[in-house]
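Before any comments, here is the structure.
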């Protein structure tokens, strides 16, 4: 039986803040994010027959949000004034690791350079590093780390195999750390923590 | 070293799934045993967990009343 309008509304409102947050970080623009959320909700209502059970609402709604984002961006990219996002080059076999750059195994127990590094990072640094990720990496970090989706839920949301979720997440986190490292270097945060 | 003990290389391969609570019981127990014995892997697990926590803290449920009202009004048009 399809979801009723009352239940649909209460399910949407329960996760509206999270939908807005993911939409804002995908679009990198508040006005576009609001449009994306509204469009996704309208599409979700039209596709309500595809929701197997109310307990799966969150993953289902985020899947529609993500699909809407992809299709809207494809359409936008067909317009000449919108630049396509440039995919970065990342090492698949050995993702970048801040820990490996900073960890000093022979230092005293309480001299912890990698934790010190994290303590210096500001919210803006994390937001900038997230925004710099290619979309297919950004979405897995948003779902896994900000929204705390399970790998199964991410696979279901993005319609990719769980093995791909694992590998993409590992690469995405490596890319995120590489960007954070660069931001920290630019802000002069590495003077004390790295050679 | 017990038969199901793992080395650092194997531990690192499983570390992200561990902090994401995605390891099966047997693998999780082997990794936890390794982390109790290996300071370097333990420190790395703490680092990754701390970074994940900082990302988690970015998420918020902040939605203005205006946005909620706008979405409610939209749904009422369906």
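Residue numbers (the working numbering), protein chains in the order written: chain A, 570 to 764; chain B, 162 to 239.
For each residue, glycine too, the CB sits at the ideal point set by N, CA and C.
Source: prediction; values computed, not measured.
Residue i and residue j closer than 7 Å at C-beta
i, j, result
"residue 638/A", "residue 595/A", "yes"
"residue 192/B", "residue 172/B", "yes"
"residue 572/A", "residue 617/A", "yes"
"residue 715/A", "residue 723/A", "no"
"residue 224/B", "residue 586/A", "yes"
"residue 208/B", "residue 668/A", "yes"
"residue 588/A", "residue 606/A", "yes"
"residue 710/A", "residue 737/A", "no"
"residue 683/A", "residue 672/A", "yes"
"residue 696/A", "residue 236/B", "no"
Local conformation of residue i per DSSP, three classes
i, result
"residue 620/A", "coil"
"residue 187/B", "helix"
"residue 759/A", "helix"
"residue 638/A", "helix"
"residue 647/A", "coil"
"residue 173/B", "helix"
"residue 570/A", "coil"
"residue 702/A", "coil"
"residue 708/A", "helix"
"residue 736/A", "helix"
"residue 731/A", "helix"
"residue 179/B", "helix"
"residue 523/A", "Residue 523/A cannot be examined here, being either before or after the span of chain A that is shown, 570 to 764."
"residue 239/B", "coil"
Start and end residues, alpha helix (DSSP H) containing residue i
i, result
"residue 199/B", "Looking at the DSSP string, residue 199/B is not in any alpha helix (DSSP H), and its letter there is neither H nor E."
"residue 589/A", "574–596"
"residue 716/A", "Run containing residue 716/A: none; DSSP gives neither H nor E here."
"residue 691/A", "From DSSP, residue 691/A is part of no alpha helix (DSSP H); its letter is neither H nor E."
"residue 673/A", "Counting along the chain, residue 673/A falls outside any alpha helix (DSSP H), and DSSP gives it neither H nor E."
"residue 610/A", "599–615"
"residue 723/A", "720–727"
Environment of residue i [buried if 16+ CB atoms lie within 10 Å]
i, result
"residue 754/A", "exposed"
"residue 187/B", "exposed"
"residue 746/A", "buried"
"residue 666/A", "buried"
"residue 741/A", "buried"
"residue 743/A", "buried"
"residue 650/A", "Confidence is the limiting factor: at residue 650/A the pLDDT is only 48, short of 50, which leaves the residue's position unreliable, though a coordinate-based value still follows. Counting Cβ neighbours within 10 Å, residue 650/A comes out exposed, since fewer than 16 surround it."
"residue 609/A", "buried"
Any non-hydrogen atom of the ligand FAD closer than 6 Å to residue i Cβ
i, result
"residue 596/A", "Absent from the structure shown: the ligand FAD. Ligands present: none."
- request: Note down, one range per segment and in chain order, each alpha helix (DSSP H) of at least 4 residues found wholly within the region 192–237 of chain B.
  value: 200–217, 226–237
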